[in-house]
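Presented below is the structure to which this report refers.
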Amino acid sequence: MQQQMSLITLGIADLARSQRFYGGGFGWTPVFETPGIVFYQMNGLMLGLWPQKDLEEDMQRGGLARPGAFALAHNVPTKEDVQIVLDRLATAGGRILRNGDAPPHGGFRGYVADPDDHAWEIAWNPAWPIDAQGHVTFGI
């Protein structure tokens, strides 16, 4: 089976609030939106924002009000960009979980939570080049 991921859908509480975070913080523009769902075209996959109650109903799985133990990641081209992006996302409604610093394995990273508490790692890794389309390659 091909190793690929097509869509990540985040359950959210307030669509307009989430759009301010993703549009204002990351600067992303939706490729499709209705009053009930928003999709962003990413580099090779889609990111969907869907009200939590509608997502739970669609999955026939209730009680998912708390995000799971995972982090999404957004890599940036320079070490200095990590804190700049963290601060911009905090201004757009996010909450900084960890300011930028250097982990033992190298690079530079920090964490921010979106308005629904989904964690995003903002990272610079010199061993993971980013191409013109925004694709990250494992280059070690």
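Quick note: the sequence shown uses our numbering, first residue 1126, plus one each step.
C-beta atoms are modelled at their ideal positions from N, C-alpha and C, and glycine is treated no differently.
Since this is a predicted model, take the numbers as computed values, not measurements.
- Here N1250 has G1232 as same chain residues with Cβ atoms under 6 angstroms from its own Cβ, once five neighbours each way along the sequence are excluded.
- DSSP places Q1144 in the helix class (H, G or I) of the three-state scheme.
- With contacts defined as CB atoms closer than 7 angstroms, A1215 and E1246 fail to qualify as a contacting pair.
- The residues F1146 and G1219, in chain order, have a CB closer than 6 angstroms to that of D1239 in the same chain once the five nearest residues on each side in sequence are set aside.
- Excluding sequence positions up to five before and after R1213, its CB lies within less than 6 angstroms of the CB of G1150, all in the same chain and listed in chain order.
- Check the Cα spacing between P1254 and each of T1203, E1182 and R1142: the tightest is with T1203.
- Residue environment for H1260: exposed (fewer than 16 other C-beta atoms within 10 angstroms of its C-beta).
- Contact annotation, H1243 with L1135: C-beta distance approximately 5 angstroms; criterion of less than 8 angstroms satisfied.
- In summary, S1143 is buried, with 16 or more beta-carbon neighbours lying within 10 Å of its beta-carbon over all protein chains present.
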